[in-house]
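> Protein chains in written order, with the UniProt record's numbering: chain B, 1 to 421; chain Z, 1 to 421; chain D, 1 to 421; chain W, 1 to 421. Every residue gets a Cβ at the ideal spot worked out from N, C-alpha and C, and that includes glycine. Since this is a predicted model, take the numbers as computed values, not measurements.
There are 4 protein chains.
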Amino acid sequence: MKPKVVLAYSGGLDTSVAIKWLGETYGYDVITVALDVGEGKDLAFVQEKALKVGAVESIVLDVREEFAERFLKPALKANAMYEGKYPLATALSRPLIAEKLVEVAEARGAVAVAHGCTGKGNDQVRFDVAVAALNPNLQVIAPVREWGMSRDEEIAYAERHNIPVSANLDNPFSVDQNLWGRSCECGVLEDPWNAPPEAAFEWTKALADTPDEPAVIELTFEKGVPTELDGVAMPFYEMIARLNQLAGAHGVGRIDHVENRLVGIKSREVYECPATITLLTAHKELEFLTHTRDITRFKPIVEQKWSELIYDGLWFSPLKQALDAFIEETQQHVSGKVRLALFKGQVTVLGRTSPSSLYDEKLATYSKDDLFDHTAAVGFIKLWGLPTNIYASVHRGEGTHGQQIVERKIHQVDASVGGGI
Amino acid sequence: MKPKVVLAYSGGLDTSVAIKWLGETYGYDVITVALDVGEGKDLAFVQEKALKVGAVESIVLDVREEFAERFLKPALKANAMYEGKYPLATALSRPLIAEKLVEVAEARGAVAVAHGCTGKGNDQVRFDVAVAALNPNLQVIAPVREWGMSRDEEIAYAERHNIPVSANLDNPFSVDQNLWGRSCECGVLEDPWNAPPEAAFEWTKALADTPDEPAVIELTFEKGVPTELDGVAMPFYEMIARLNQLAGAHGVGRIDHVENRLVGIKSREVYECPATITLLTAHKELEFLTHTRDITRFKPIVEQKWSELIYDGLWFSPLKQALDAFIEETQQHVSGKVRLALFKGQVTVLGRTSPSSLYDEKLATYSKDDLFDHTAAVGFIKLWGLPTNIYASVHRGEGTHGQQIVERKIHQVDASVGGGI
Amino acid sequence: MKPKVVLAYSGGLDTSVAIKWLGETYGYDVITVALDVGEGKDLAFVQEKALKVGAVESIVLDVREEFAERFLKPALKANAMYEGKYPLATALSRPLIAEKLVEVAEARGAVAVAHGCTGKGNDQVRFDVAVAALNPNLQVIAPVREWGMSRDEEIAYAERHNIPVSANLDNPFSVDQNLWGRSCECGVLEDPWNAPPEAAFEWTKALADTPDEPAVIELTFEKGVPTELDGVAMPFYEMIARLNQLAGAHGVGRIDHVENRLVGIKSREVYECPATITLLTAHKELEFLTHTRDITRFKPIVEQKWSELIYDGLWFSPLKQALDAFIEETQQHVSGKVRLALFKGQVTVLGRTSPSSLYDEKLATYSKDDLFDHTAAVGFIKLWGLPTNIYASVHRGEGTHGQQIVERKIHQVDASVGGGI
Amino acid sequence: MKPKVVLAYSGGLDTSVAIKWLGETYGYDVITVALDVGEGKDLAFVQEKALKVGAVESIVLDVREEFAERFLKPALKANAMYEGKYPLATALSRPLIAEKLVEVAEARGAVAVAHGCTGKGNDQVRFDVAVAALNPNLQVIAPVREWGMSRDEEIAYAERHNIPVSANLDNPFSVDQNLWGRSCECGVLEDPWNAPPEAAFEWTKALADTPDEPAVIELTFEKGVPTELDGVAMPFYEMIARLNQLAGAHGVGRIDHVENRLVGIKSREVYECPATITLLTAHKELEFLTHTRDITRFKPIVEQKWSELIYDGLWFSPLKQALDAFIEETQQHVSGKVRLALFKGQVTVLGRTSPSSLYDEKLATYSKDDLFDHTAAVGFIKLWGLPTNIYASVHRGEGTHGQQIVERKIHQVDASVGGGI
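#1: Just to confirm my understanding: we take residue 104 of chain D, look at its own chain, exclude 5 residues before and 5 after, and list those with CB closer than 7 Å. What are they?
#2: Determine which residues of the stretch 300 to 333 of chain Z have a Cβ less than 9 Å from any Cβ of chain W, and write them out in chain order.
#3: Is residue 18 of chain W helix, strand or coil by DSSP?
#4: Taking all protein chains shown into account, do 16 or more other C-beta atoms lie within 10 angstroms of the C-beta of residue 245 of chain B, making it buried, or fewer, making it exposed?
#5: Helix or strand or just coil, what does DSSP make of residue 395 of chain Z?
#6: For residue 340 of chain B, tell me which candidate among B:216, B:306, B:87, B:124 has the shortest Cα-Cα distance.
#7: Contact defined as beta carbons within less than 8 Å: I believe residue 379 of chain Z pairs with residue 375 of chain D. What is the distance between those atoms, to the nearest angstrom?
#8: Is the Cβ of residue 356 of chain W closer than 8 Å to any Cβ of chain B?
#9: Helix, strand or coil: how does DSSP classify residue 47 of chain Z here?
#10: Please return the same chain residues whose Cβ sits closer than 7 Å to the Cβ of residue 20 of chain D, not counting the five positions on each side in sequence.
#11: Determine which residues share a DSSP beta bridge with residue 336 of chain W and list them.
#12: Are any of the Cβ atoms in chain Z nearer than 8 Å to that of residue 379 of chain D?
#13: Does the beta carbon of residue 390 of chain D come closer than 8 Å to any beta carbon on chain Z?
#14: What in chain B is Cβ-close to residue 298 of chain D, meaning under 7 Å?
#15: Just to confirm my understanding: we take residue 11 of chain Z, look at its own chain, exclude 5 residues before and 5 after, and list those with CB closer than 6 Å. What are they?
#16: Give me the residue from W:98, W:240, W:189, W:235 with the minimum Cα distance to residue 126 of chain W.
#17: Look up residue 32 of chain Z in the DSSP assignment and give the residues it is bridged to.
#18: Just tell me which of Z:23, Z:40, Z:83, Z:26 has its CA closest to the CA of residue 305 of chain Z.
#19: Between the Cα of residue 77 of chain Z and those of Z:115, Z:323, Z:352, spot the shortest distance and give me the residue it belongs to.
#20: Between residue 152 of chain W and residue 140 of chain W, how many whole angstroms is the CB-CB distance? I'm expecting something under 8 Å.
#21: Check the C-beta distance from residue 251 of chain W over to residue 205 of chain W and give it rounded, since I have them as a contact under 8 Å.
#22: Taking only the alpha-carbon atoms, compute the straight-line gap between residue 111 of chain W and residue 132 of chain W and give it to the nearest angstrom.
#23: Quick one, which of B:362, B:391, B:393 has its alpha-carbon nearest residue 120 of chain Z's?
#24: Grouping DSSP H, G and I as helix and E and B as strand, with all else coil, what is residue 102 of chain D?
#25: Helix, strand or coil: how does DSSP classify residue 63 of chain B here?
#26: Taking 8 Å as the limit between beta carbons, can you name the residues of its chain near residue 370 of chain D, skipping five residues before and five after?
#27: Pick out the complete beta strand (DSSP E) segments inside the stretch 230 to 295 of chain Z, 3 residues or longer, and give them in chain order.
#28: Mind listing the chain D neighbours of residue 263 of chain B? Cutoff is C-beta to C-beta under 9 Å, in chain order.
This is how it looks when you write it as structure tokens:
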């Protein structure tokens with residue numbers, strides 16, 4: 001009996017060729033695993049194709065709910081956004097896929113897992129590191145990184161082995177998608193001076209084609225996660241799918257980014273994340289209402305680190321777990337409702353309310369109902385400004401703006417006056 | 001001869017009443033200073049009104065250029081955004097106004113300066129701290145904070161002293177504006193569940209009323225600051241004014257925020273910052289193109305601290321100077337061009353290019369021209385993931401996700417499989 | 001029946017005078033609460049004295065264990081050290097004392113609590129903020145801050161009211177102490193150029209008087225907290241007391257600091273923390289052994305924020321709870337043993353070991369047993385250095401060190417050569 | 001004529017063997033460069049040895065002053081300390097050595113540079129990245145990383161090629177040293193439970209052997225760098241050498257660390273840094289006296305990042321330059337004097353004074369001269385605690401400590417009371 005390898009299978013050319021190549025090169029029997037993380041894949045077709053090409057077993061798994069519960073909820077709580085622009089859609093799916101590969105490998109007694117990543121992207125890091133963290137005894141093979149075939153050679157190889165070469169080979173872009181978003185790269189996008197053509201987008205309408213009336217929605221949150229859309233409770237993964245439709249129709253969620261890859265280069269990526277942008281906007285609004293100032297100022301540092309870890313392939317790291325503990329604690333009171341308009345590519349908050357709101361109209365108001373103690377401010381300012389003022393006293397007349405200040409010429413004021421008396 | 005106080009004068013009810021009140025309460029002669037920071041004020045009218053009400057001297061200063069050069073350029077380089085939402089327009093003007101008050105006070109031998117802030121806002125802190133930093137010998141008076149008059153009492157006081165009470169007293173909002181943005185608070189905005197009414201906006205068109213064609217513009221940057229708009233060089237303050245018109249017409253720059261004030265409460269603010277949002281978007285794009293990954297990851301921490309300092313009234317602090325030194329150093333290569341579309345409330349980057357671009361198509365491309373060394377990735381990943389992997393080996397089978405992983409049941413996989421062979 | 005106030009009572013002059021003063025000024029019956037937080041106070045004496053001076057009830061509480069469990073364990077896990085120098089001993093006791101004041105006030109139906117802090121220290125902030133967080137309905141009175149008596153007036157007041165004025169009034173220092181440390185300020189210490197006199201120290205021997213043989217101890221940790229000293233299990237508060245003796249005898253734990261108070265001034269403080277310094281040293285060593293690099297690099301940011309919050313009186317804040325959640329998560333594997341020498345004022349780690357050690361001799365060794373893959377380094381370095389190298393390529397010859405590098409003169413090398421061939 | 005390689009030469013076995021090996025393996029003529037960075041090397045001997053072994057040119061350079069001025073001054077200003085324990089001595093020398101290799105290579109028209117690093121240390125990264133940053137056209141060769149010889153094979157190779165094998169081959173440790181410190185690893189140190197034997201130390205006396213009288217010294221600083229030792233001006237590199245003697249004699253500067261290497265493993269290192277620890281202690285004291293609270297709280301974040309960059313081999317990176325700009329700005333007023341005792345392994349500050357001191361005795365004192373406004377504190381505390389208090393009001397009775405607080409049982413107090421009335 002041959003040793004087995006479990007291959008993450010998409011149904012596309014690369015991983016189809018890999019089925020054959022793994023057999024030829026390593027002498028392994030190939031078990032394929034195709035996961036549905038919400039990209040709208042035809043799983044039955046994919047399952048069958050793997051077998052046709054030569055897999056000894058073809059497994060398909062619908063992991064949309066698990067993906068949403070275990071990966072997307074934490075990302076939402078963390079307001080995850082790499083470099084302030086990319087919501088990490090692909091990055092979040094990799095540790096889940098790696099986990100499933102390992103599970104299947106262990107269940108089937110395989111000696112290796114394989115994935116279709118190239119040698120210059122982030123995903124290879126995410127797969128390799130995750131698999132090693134989960135089961136260091138498994139060999140990890142990345143056929144595309146190893147085989148060194150050009151596109152033409154690969155097609156020739158496929159034809160030689162009766163691997164169906166699908167029609168959409170002409171797709172000028174390289175695409176990945178799941179519930180949390182769609183990414184698109186390559187082709188004309190490789191010149192960052194080029195605007196992305198409409199063909200690069202699939203989930204979002206161009207602004208010119210969006211409705212002329214906003215869609216107004218209401219999201220209900222419980223401890224940092226949305227539980228209802230317009231008063232209707234639904235599983236998170238369904239809500240995301242629904243919002244992708246709804247917000248995408250209004251052109252919400254297009255992102256065009258020149259980003260820093262972990263492997264040291266910059267790449268130009270175009271993303272579509274209608275649901276994600278909608279949910280992040282709403283979530284942040286509720287945080288502004290329910291978080292103290294100190295948390296509002298510190299959580300971004302945790303969020304940034306969280307986002308970098310996920311981008312860098314470190315989902316299964318103890319720092320990630322510790323950051324999660326911090327974030328989870330901050331979500332205890334992030335409950336309430338947010339009303340939003342989806343319109344012409346924008347998510348606009350219309351209102352937010354929470355039983356845990358720290359906004360106190362009685363303290364904030366400028367009306368007669370004001371309860372704020374205005375006299376307290378004098379003492380506050382005195383001590384708040386004291387370090388600056390001691391510094392200024394010590395350094396008065398010493399240069400930099402000290403000098404500027406002290407040597408200001410009197411006539412300068414007169415000169416610049418439009419006309420004093 | 002009476003001692004003199006220099007009052008920051010807006011022409012409105014509060015500071016007009018303050019002219020009289022300062023004379024009555026402190027026995028001071030009042031010199032008013034009205035500054036044009038780009039809010040489109042009628043300076044001649046304001047100047048005359050102060051004298052009518054009783055000022056002994058009425059000074060008006062056009063400081064738009066100084067404001068743009070000394071305050072807005074650093075804010076742009078810092079991508080300044082308090083709590084990720086507020087570009088600090090009002091906060092940035094306060095230290096400049098404080099400086100001018102001090103200059104005039106020194107030039108005229110005044111013993112005090114005065115401003116119209118209440119006791120619950122941020123601006124009182126900014127004025128008081130800045131004045132004390134610039135000249136600790138000057139008394140700072142905040143009549144509105146002191147006098148304890150209700151709105152009605154204040155109007156009665158004004159009428160008693162023949163102070164003209166302007167017609168727009170019915171304005172339901174409290175507004176401040178300068179080149180960098182317009183803020184609006186109070187009234188129906190005090191309930192954060194209420195959407196801001198159109199009346200709260202003045203600089204930006206409602207999306208429904210914006211043109212159906214995008215405006216496409218090109219901004220040229222030199223070391224972090226824009227020097228040309230569509231190829232035409234112009235002073236920064238003029239460019240800002242131009243962009244406020246242009247982007248405002250397309251509905252760009254509306255912000256609705258529940259923010260944490262320095263004085264300890266939350267307040268709900270509505271901002272309009274068409275030029276600012278446009279410029280920040282363009283500036284960040286050029287930074288993504290020209291900054292290394294390390295700077296992209298660290299500068300946000302500096303930016304956040306910078307923004308907090310300015311919000312908190314610490315413009316004249318040595319930490320602010322040190323942060324500026326960091327930021328300035330990062331701007332040396334932020335030069336190039338950004339092409340943007342202004343359309344339906346959005347600024348969309350269409351392209352960016354720079355002689356200092358660190359994006360290297362030869363390394364990024366997936367075409368045949370690829371120069372990236374794919375084999376390097378294997379060694380990289382091995383060492384990059386090593387700490388995680390050592391940790392995983394040591395803690396395998398110990399609980400948390402360790403446990404989950406190890407105890408995964410084999411049949412779980414089988415069960416969830418849509419159908420293996 | 002008069003309304004009641006609960007006063008934090010130390011037995012000293014200030015709080016003894018406050019008993020009378022609170023009655024006279026506010027017309028309140030005074031209940032005193034004296035807490036033992038490990039300072040070695042004679043509680044029976046203190047209890048009796050309060051009654052003699054006029055308290056209607058005198059409560060004493062031994063809270064050493066609670067203090068150690070609920071406040072010092074988190075501080076140790078956080079490696080808490082304000083400004084890298086002060087382990088926060090006094091700061092950590094304040095929220096506990098405030099809590100006990102509030103508990104007694106609620107149990108006895110009091111309307112107010114009182115403490116003996118002045119108006120320029122940090123402790124007033126810690127008490128006032130903590131009480132308001134725990135029960136906003138309680139009035140907080142700080143007699144010393146209010147009464148405005150000079151030292152001489154206070155003594156006269158005491159004599160007038162038959163309040164015993166203790167002999168140690170001549171103590172030139174102001175002292176506070178508890179299990180976690182002893183602080184000493186005032187007098188000659190107020191000039192930071194003066195070395196602290198021996199009289200400022202009580203818990204630690206001068207180096208000249210310490211034994212000439214080190215004490216070697218072994219601490220066993222379980223999830224971040226020490227459970228055994230030299231193999232003997234004991235409650236944490238007892239271990240601290242024991243270590244204060246042991247390490248103090250060897251002169252360990254003297255700290256001399258010019259620190260930034262929350263109220264805006266700098267003060268000069270001398271601390272003695274023998275147990276604390278010993279425990280922190282050991283705890284950190286075990287963290288170095290059991291934490292991944294990522295945690296080693298990020299936890300200090302959390303630790304610094306934690307320390308600042310505690311110093312600034314924000315123990316009862318939600319940010320503190322969230323930071324605790326992070327820290328707690330990082331302590332799961334901080335278990336093992338540390339062997340230390342206490343000698344001549346120093347704590348020297350001699351060895352550390354842990355079942356969760358991430359140090360792997362097989363990877364670290366330079367002997368034949370080396371398992372590290374040396375070839376992986378080449379690929380790692382290539383990608384690790386790539387951003388820097390791309391930057392260098394783009395900016396070669398452009399100035400700063402770029403210029404330096406390119407314009408290096410050849411003969412400079414020759415000239416500086418001691419003698420080539 | 002053969003192509004040339006410039007080899008960093010130490011005179012030891014590895015680099016001596018490398019001279020031959022580079023000729024044999026690459027066919028290059030070898031030019032050696034030996035640098036004196038303060039390790040007390042016999043340069044004449046080293047120079048001659050290289051030629052004997054077969055170098056075509058042997059260059060020696062005394063770079064102690066350049067090292068101190070360009071690398072150690074910035075490190076001192078940055079209070080550089082990797083993981084809070086290692087002052088980066090070796091790490092700081094690598095970019096300088098790399099620079100000299102590149103300079104010589106360019107001067108001599110060499111095609112490659114070479115260094116003696118192994119494949120599992122940090123230094124290979126520092127060399128490779130620095131050389132590529134300085135001149136990407138130069139090949140970098142690391143013979144020891146490549147050749148795969150065991151120690152025995154290497155000795156056999158040496159004997160075969162008449163390369164003198166020095167007597168101290170039996171040294172059980174691997175050592176590197178320069179002005180800023182000495183590092184020692186390997187052998188018995190590889191077990192972190194073993195205490196370092198005395199043989200591991202060379203620069204510092206064991207405490208038992210140190211004088212029984214402290215040495216008291218005074219350091220004068222100008223803008224963050226020391227200019228005088230006991231009132232005598234001297235170049236920085238000489239002061240460091242002097243302090244290494246002086247403080248080493250008192251046992252100052254031993255460090256025992258289990259650290260995280262960039263290549264992903266932990267290693268156990270023993271350092272001796274007598275001068276460095278002395279200078280860092282003094283420098284920080286002066287910073288505490290002259291920095292505002294805001295800088296005291298933010299600079300550590302910059303310092304940590306700076307230290308990590310240097311450790312990670314990124315001296316020649318733009319982020320490092322930007323951090324330097326921040327740090328430099330903070331040093332403008334770090335001038336004054338620090339008096340220190342060196343005694344029994346410890347550096348104890350005795351006093352510090354500065355014309356730029358922000359410590360103000362008039363504000364800090366508890367004597368009659370107190371100028372601090374005690375009444376300001378009340379208002380300050382009110383607003384400082386406001387966010388916490390609003391939070392507490394909203395969440396009173398809701399659980400976590402909220403619950404604890406509210407549900408405290410009255411009798412609990414009574415029970416624990418030692419005896420009320």
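According to the structure shown:
#1: Contacts found: 6, 31, 33, 59.
#2: Hits within the stretch, in order: 301, 302, 305, 309, 314, 317, 318, 319, 320, 321, 322, 323, 324, 325, 326, 327, 328, 329, 330, 332, 333.
#3: DSSP places residue 18 of chain W in helix when its eight states are reduced to three.
#4: So residue 245 of chain B ends up on the exposed side.
#5: Residue 395 of chain Z: helix per DSSP, three-state reduction.
#6: Nearest option by C-alpha distance: B:216.
#7: The Cβ separation is near 7 Å, so the contact holds.
#8: Yes, residue 356 of chain W lies at the interface with chain B (some Cβ there is under 8 Å from its Cβ).
#9: Assignment of residue 47 of chain Z by DSSP, reduced to helix, strand and coil, places it in the helix class.
#10: Non-local beta-carbon contacts of residue 20 of chain D in its own chain, meaning distances under 7 Å to residues more than five positions away in sequence, involve 53, 54, 161, 163 in chain order.
#11: According to the DSSP secondary-structure assignment, residue 336 of chain W is paired through a beta bridge with W:221.
#12: Yes, its Cβ sits closer than 8 Å to a Cβ of chain Z.
#13: At least one C-beta of chain Z is nearer than 8 Å to the C-beta of residue 390 of chain D.
#14: Ordered by position in chain B, the residues that pass the 7 Å Cβ test against residue 298 of chain D are 305, 319.
#15: So the list reads 46, 49, once near-sequence residues are dropped.
#16: Distance from the Cα of residue 126 of chain W is smallest, within the candidate group W:98, W:240, W:189, W:235, for W:98.
#17: According to DSSP, residue pairing for residue 32 of chain Z in a beta bridge involves Z:7, Z:58.
#18: Taking only the C-alpha atoms, the option nearest residue 305 of chain Z is Z:83.
#19: The shortest Cα separation from residue 77 of chain Z among Z:115, Z:323, Z:352 belongs to Z:323.
#20: Between the beta-carbon of residue 152 of chain W and that of residue 140 of chain W there is about 27 Å, and that puts the pair past the 8 Å contact cut.
#21: Sure, about 5 Å apart at Cβ, within 8 Å.
#22: Each residue's Cα considered, the two are about 13 Å apart.
#23: Closest by alpha carbon: B:362.
#24: The answer is helix: DSSP assigns residue 102 of chain D an H, G or I state.
#25: In the three-state reduction of the DSSP assignment, residue 63 of chain B falls in the coil class.
#26: Taken in chain order, the residues that qualify are 362, 363.
#27: Considered as a whole, the stretch 230 to 295 of chain Z harbours 254 to 260, 266 to 272 as its complete beta strand (DSSP E) runs of no fewer than 3 residues, in chain order.
#28: Here the neighbours are 383, 386.
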